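Chemist: Before I ask anything, let me first share the structure, which is written out below as structure tokens.
In my numbering, the protein residues as written are 2 to 445.
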């Protein structure tokens, strides 16, 4: 009888822990190799983790809702199907235990310990020398370390990470930790001499549930999205421009090529045409394809377009890498593939990172137009409104005007006014509009 350990995988080099959000198999169930075994959530992606081998799920070591370090033993699979399933072992201590619910559904936070409660894995046990001649334990080293994103947020808000009690693995300061400090008024900020201190954040009013209300805690993906949106509004100076686009040319091309494209497994959506128009024009307008790092502007070499996908449990933005190098059909195929794998939790962490520009499409739900929030650390995001037939004043060849039925829609772009001026944004949108309204047949 062989016993195979199932470990918490590392979904990206900066990921130190994961939350086991759902077991897809029960104790004693038979599993096939590569069959989804459980779901995890990290600060990068939600994903289904496949079984490493066929057999019987003999032990469950980590329960739903627990957050544990990567490489933690999660379960044991016995390859001998006739072997009885062992009793589940006690789950390991997790730093992110769910708070017990008080009467009425309000969460009660347990008293927080002053030291991290997670045991360190053997690989982090040795101590290392401090610069002052003292001794730094592995726990202290991990507390001092953090991800590049956390350090970037700390630098932008002038927060001393060493003063923050981290809740991550061995006391690491997580993105949620530092955003919480900022939202509480940035009490740990040490302002630079030449800069004014940040204004304290306004505390959200306490809201009590009424009789008959249903109270649910944020899911991990909802919490991450909320924190990211709040941070973006605080970091970037948001401005939004709106343009009306005549999609009649695109509608004509879709009718002409839709059947042939479908035979090749490609769905020529309006979104594919819009992404193609953006990809071509981002190269001409590099400031829209940029990022901000302190007092520097990073002009990205690659054009990587993120496509926001609405899921039943939240929002995720998979990224089409080097979108400007793809044909229209290639872009349509990539968008469809990423969207499907986002909905089935098959995305890898790399597929939701390194975006340089984002497109969100609330128009599929009927929205006329909107002002989306920038997806940090990018400087612009395009919103696509509903595309439908509307009356439009058109000028005939003889110079007279008439009202015609045209396929119309609004596009909006929110941009970071720290680096993108209104003229920059409007020139880019004008070029996108012109591309869509005169789309060449040969670009298919």
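Where a beta carbon is used, it is the ideal one built from N, C-alpha and C, also for glycine.
All of these numbers come straight from a predicted model, not from anything done at the bench.
Taking all protein chains shown into account, do 16 or more other C-beta atoms lie within 10 angstroms of the C-beta of residue 306, making it buried, or fewer, making it exposed?
Modeler: So residue 306 ends up on the buried side.
Chemist: Quick check on residue 435: buried or exposed, where buried means 16 or more other Cβ atoms within 10 Å of its Cβ?
Modeler: When all chains shown are included, residue 435 counts as exposed.
Chemist: Have a look at the DSSP bridge pairing and note the partners of residue 76.
Modeler: Per DSSP, 7, 61.
Chemist: What residue from 257, 411, 406, 345 has the CA that sits closest to residue 49's CA?
Modeler: If we check each option's Cα against that of residue 49, 345 comes out closest.
Chemist: Which word fits residue 394, buried or exposed, when buried means at least 16 other C-beta atoms lie within 10 angstroms of its C-beta?
Modeler: Per the 10 Å Cβ criterion, exposed.
Chemist: Less than 7 Å between the beta carbons of residue 58 and residue 30, yes or no?
Modeler: Yes, the Cβ-Cβ distance between residue 58 and residue 30 is below 7 Å.
Chemist: Can you find the residues in the same chain that come closer than 7 Å, C-beta to C-beta, to residue 403, ignoring five residues on each side of it along the sequence?
Modeler: Cβ neighbours of residue 403 beyond the five flanking positions: 395, 397.
Chemist: Just the Cα atoms here: how many angstroms apart are residue 33 and residue 52?
Modeler: When rounded, the distance between both Cα atoms is 7 Å.
Chemist: Three Cβ pairs or more, each shorter than 8 Å: is that satisfied between the segment 311–320 and the segment 259–271?
Modeler: In short, these stretches do not touch, since the Cβ pair count stays below three.
Chemist: At the level of alpha carbons, what is the spacing between residue 309 and residue 399?
Modeler: Answer to the nearest angstrom: the Cα atoms are 44 Å apart.
Chemist: For residue 283, does the count of other Cβ atoms within 10 angstroms reach 16, so buried, or fall short, so exposed?
Modeler: Buried, because 16 or more other Cβ atoms sit within 10 Å of the Cβ of residue 283.
Chemist: Can you give, in chain order, each stretch of the beta strand (DSSP E) that sits fully within the segment 373–425 and has at least 3 residues?
Modeler: Runs of the beta strand (DSSP E) inside the segment 373–425: 381–385, 389–396, 402–417.
Chemist: Closest to residue 439 by CA distance: which of 332, 249, 347 is it?
Modeler: Considering only alpha carbons, the answer is 249.
Chemist: Hey, residue 372 and residue 268 are a contact pair by Cβ (cut 8 Å); roughly how many whole angstroms apart?
Modeler: Residue 372 to residue 268, Cβ: 28 Å. No contact.
Chemist: Here's the rule: buried if 16 or more other CB atoms are within 10 angstroms of the residue's CB, otherwise exposed. What is residue 367?
Modeler: So residue 367 counts as exposed.
Chemist: Per the contact definition of three or more C-beta pairs closer than 8 Å, is the segment 323–332 in contact with the segment 278–295?
Modeler: Flag = yes, the segment 278–295 and the segment 323–332 touch.
Chemist: Starting from residue 282 and walking both ways along the alpha helix (DSSP H), at which residues does that stretch end?
Modeler: Its alpha helix (DSSP H) spans residues 271–283.
Chemist: Note down, in chain order, each residue of its chain lying with its Cβ closer than 7 Å to the Cβ of residue 337, except the 5 sequence neighbours on either side.
Modeler: If we look at residue 337 and ignore the five residues flanking it on each side, its Cβ neighbours are 268.
Chemist: Given that a residue counts as buried once 16 or more other Cβ atoms are within 10 Å of its Cβ, and exposed if not, what is residue 377?
Modeler: It is buried - the Cβ of residue 377 has at least 16 other Cβ atoms within 10 Å.
Chemist: DSSP three-state label for residue 104, please.
Modeler: Legend: pLDDT at residue 104 = 33, less than 50; position of this residue unreliable, value from coordinates given subsequently. In the structure shown, residue 104 sits in coil (DSSP, three-state: anything other than H, G, I, E or B).
Chemist: Between which two residues does the alpha helix (DSSP H) harbouring residue 259 extend?
Modeler: Looking at the DSSP string, the run of the alpha helix (DSSP H) that includes residue 259 is 249–264.
Chemist: Using the three-state DSSP reduction, which class does residue 175 fall into: helix, strand or coil?
Modeler: Three-state DSSP puts residue 175 in coil, outside helix and strand.
Chemist: Put residue 316 into one of helix, strand or coil per three-state DSSP.
Modeler: The answer is strand: DSSP assigns residue 316 an E or B state.
Chemist: Determine the direct distance from the alpha carbon of residue 2 to that of residue 8, and round the result to whole angstroms.
Modeler: Cα to Cα, the separation comes out at about 19 Å.
Chemist: Could you check what DSSP says for residue 220 in three-state terms: helix, strand or coil?
Modeler: Coil.
Chemist: Buried or exposed: which applies to residue 382, given that a residue is buried once 16 or more other Cβ atoms fall within 10 Å of its Cβ?
Modeler: Label assigned to residue 382: buried.
Chemist: Identify whether residue 352 lies in helix, strand or coil by the three-state DSSP scheme.
Modeler: DSSP places residue 352 in helix when its eight states are reduced to three.
Chemist: Going by DSSP, what residues sit across from residue 32 in a beta bridge?
Modeler: BP columns for residue 32 point to 56.
Chemist: Bridge partners of residue 367, per DSSP?
Modeler: Answer by DSSP bridge pairing: none, since residue 367 is not bridged.
Chemist: What are the residues that DSSP puts in a beta bridge with residue 240?
Modeler: Its beta-bridge partners are 416.
Chemist: If you drop the 5 nearest sequence neighbours on each side, which residues of the same chain put their C-beta closer than 8 Å to that of residue 25?
Modeler: Closer than 8 Å at the Cβ level, and outside the excluded window around residue 25, lie 37, 38, 39, 40, 49.
Chemist: Please report the Cβ distance between residue 407 and residue 247, rounded to the nearest whole angstrom; I am assuming they are in contact, meaning their Cβ atoms lie under 8 Å.
Modeler: Yes, they are in contact, since the Cβ atoms of residue 407 and residue 247 sit about 5 Å apart, within 8 Å.
Chemist: For residue 409, which of 42, 437, 79 has the nearest alpha-carbon?
Modeler: When only C-alpha atoms are compared, the closest one is 437.
Chemist: Applying the 10 Å Cβ sphere with the 16-neighbour rule, what's the burial state of residue 228?
Modeler: So residue 228 counts as buried.
Chemist: Note down the Cα distance separating residue 343 from residue 401, rounded to an integer number of angstroms.
Modeler: Distance between the alpha carbons of residue 343 and residue 401 is about 49 Å.
Chemist: Applying the criterion that 16 or more other CB atoms from any shown protein chain within 10 Å of the CB defines a buried residue, is residue 272 buried or exposed?
Modeler: Flag for residue 272 reads buried.
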